[in-house]
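The structure appears right after this line, and notes come after that.
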Amino acid sequence: SKVSDIIYMRSAVESSDSRLGFLPGDADEKLHYYNLPFMDKLDELLHETTVKKLQKEKRVSIHPVNFARGMSWNSKAVVLDESQNSSIREIVTVLTRIGKFSRAFILADPMQSDLKNGQRGGFEKIFHIFDNEESKKMGIETFEFTTEDIVRSELTKFIVSKVALWETI
């Protein structure tokens, strides 16, 4: 069976040292800016008419992690983005919603954690729990990218390599 829908999720953690505070509007309006990276990527990868068709058919949905409990996803592609900002409990909640014929993609960059006061997200722990042959036999794959894998731009590659070097000093 093929995946029929895409569910995009991320924790509502801001990537700034200063906070916006209360946002007016309904749930969709409050989450609009958190959802922009996903919509930008869809627009980049798919033709505009395809994106509009997927939206019209409600085959693409965006959910905050907070509301995943109790759900069960069959034949879905579930993308948990920016999971360096998710707790281990949030990641496990998402992973344990995965039903038949579904695929989960847990994306993170530990260098870009926006958690405060030295908090660490759960991604690195989850990565190491499943980065082994036993998990691979169950269909769980782990991938770790390096600076060489950056495709955004040569400038981004340069910046990331310099920051990584600075962090080792």
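Just so we're on the same page, the numbering used here is the position in the sequence shown counted from 1, plus 1262.
Glycine included, C-beta positions come from ideal geometry on N, C-alpha and C.
Can you tell me the Cα-Cα spacing of residue i and residue j, whole angstroms?
i            : j            : result
residue 1413 : residue 1427 : 19 Å
residue 1272 : residue 1342 : 5 Å
residue 1389 : residue 1404 : 7 Å
residue 1290 : residue 1335 : 21 Å
residue 1396 : residue 1362 : 20 Å
residue 1348 : residue 1337 : 24 Å
residue 1339 : residue 1420 : 32 Å
residue 1378 : residue 1358 : 27 Å
residue 1316 : residue 1328 : 24 Å
residue 1300 : residue 1418 : 19 Å
residue 1333 : residue 1422 : 37 Å
residue 1344 : residue 1370 : 5 Å
residue 1310 : residue 1415 : 24 Å
residue 1424 : residue 1351 : 33 Å
residue 1429 : residue 1381 : 17 Å
residue 1267 : residue 1409 : 31 Å
residue 1400 : residue 1394 : 10 Å
residue 1360 : residue 1326 : 16 Å
Give every residue of the same chain whose Cβ lies closer than 8 Å to the Cβ of residue i, excluding the five residues on either side of it in the sequence, and list them in chain order.
i            : result
residue 1297 : 1270, 1324
residue 1354 : 1384, 1388
residue 1264 : 1337, 1363
Leaving out five residues before and five after residue i in sequence, what residues of the same chain have Cβ atoms less than 6 Å from its Cβ?
i            : result
residue 1398 : none
residue 1292 : 1285
residue 1368 : 1342, 1345
residue 1321 : 1267
Per DSSP, residue i is paired with what?
i            : result
residue 1335 : 1360
residue 1324 : 1270
residue 1368 : 1342
Let's see if you can read the secondary structure: which residues bound the alpha helix (DSSP H) around residue i?
i            : result
residue 1267 : Not the alpha helix (DSSP H): residue 1267 falls in the beta strand (DSSP E), residues 1267-1272.
residue 1426 : 1416-1430
residue 1397 : 1395-1399
residue 1298 : 1289-1307
residue 1313 : 1310-1318
residue 1385 : 1385-1392
Identify, in the order they occur along the chain, each residue of the same chain with its Cβ nearer than 7 Å to the Cβ of residue i, setting aside the five sequence neighbours on each side.
i            : result
residue 1386 : 1372
residue 1432 : Residue 1432 lies beyond the range of the chain shown here (1263 to 1431); nothing can be said about it.
residue 1305 : 1313
residue 1331 : 1355
residue 1407 : none
Mind checking whether the beta-carbon of residue i lies closer than 7 Å to any heavy atom of the ligand ZN?
i            : result
residue 1268 : This structure lacks the ligand ZN, and indeed carries no ligand of any kind.
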